[in-house]
């Protein structure tokens, strides 16, 4: 978990994210959350893409099992349930508003983009529109930061404590950023078990 400034993405990270997304990763400014095996789970994306497009989604969930779990929860109507919770529980609504403001501050610490001023992600601060982005925020900022992201993670069949990463097929490429540390390799193998 991290807030800006983020851990920089290595070339290997970018290859993994590209494999996770099924397309080239774009404008990654860091890796705020990782799987226990070390693979990226969430990327931080530049607020303005290199082609000039404003991009409000700072925290982007990339882990394929996590994204599938959030899609399942969306199909199971968790967004409707959480939107109703916001309307009925002032404490949750206030925490969600704070999460929105913190999200904006995190993004603006990287770059201020006038076209997306005041727009965060996932429907914040008044509704629930995308569990993927809210879970990504919770994974990046930590528990207690985004109440709806926390609920999504609690209800999910996926957990960041257990590696369910597929073989991304990127380790057969030489990478100057990678160091073969046998302790790390053993930990990654154990995490995948």
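In UniProt numbering, the protein residues as written are 1 to 193.
C-beta atoms are modelled at their ideal positions from N, C-alpha and C, and glycine is treated no differently.
Here the structure is a predicted model, which means the values were calculated and not measured.
Endpoints, beta strand (DSSP E) assigned at residue i
| i | result |
| --- | --- |
| residue 38 | Where residue 38 is concerned, there is no enclosing beta strand (DSSP E), given that its DSSP letter is neither H nor E. |
| residue 59 | 59–61 |
Spatial distance of residue i from residue j (CA atoms)
| i | j | result |
| --- | --- | --- |
| residue 106 | residue 17 | 21 Å |
| residue 149 | residue 110 | 22 Å |
| residue 40 | residue 90 | 34 Å |
| residue 99 | residue 143 | 11 Å |
| residue 179 | residue 12 | Confidence at residue 179 is low in this model, with a pLDDT of 39, below 50, so its placement is unreliable and no value can be given for it. |
| residue 54 | residue 113 | 7 Å |
| residue 158 | residue 77 | 17 Å |
| residue 8 | residue 1 | 13 Å |
| residue 24 | residue 146 | 29 Å |
| residue 163 | residue 3 | 22 Å |
| residue 96 | residue 65 | 25 Å |
Helix, strand or coil at residue i [DSSP, three-state]
| i | result |
| --- | --- |
| residue 139 | helix |
| residue 159 | coil |
| residue 145 | coil |
| residue 17 | helix |
Reference residue i; option with closest CA among the options
| i | options | result |
| --- | --- | --- |
| residue 128 | 104, 113, 85 and 161 | 85 |
| residue 140 | 14, 10, 162 and 31 | 31 |
| residue 26 | 131, 44, 5 and 108 | 44 |
| residue 73 | 115, 35 and 155 | 155 |
| residue 35 | 161, 137, 103 and 116 | 161 |
| residue 33 | 47, 48 and 62 | 62 |
| residue 15 | 5, 28 and 6 | 28 |
Element boundaries [alpha helix (DSSP H), containing residue i]
| i | result |
| --- | --- |
| residue 49 | Run containing residue 49: none; DSSP gives neither H nor E here. |
Heavy atom of the ligand ZN within 7 Å of residue i beta-carbon
| i | result |
| --- | --- |
| residue 63 | The ligand content of the structure shown is nil, which means the ligand ZN is not present either. |
TODO: Taking 8 Å as the threshold, find out whether the stretch 55–69 comes into contact with the stretch 122–137 through three or more Cβ pairs.
DONE: yes
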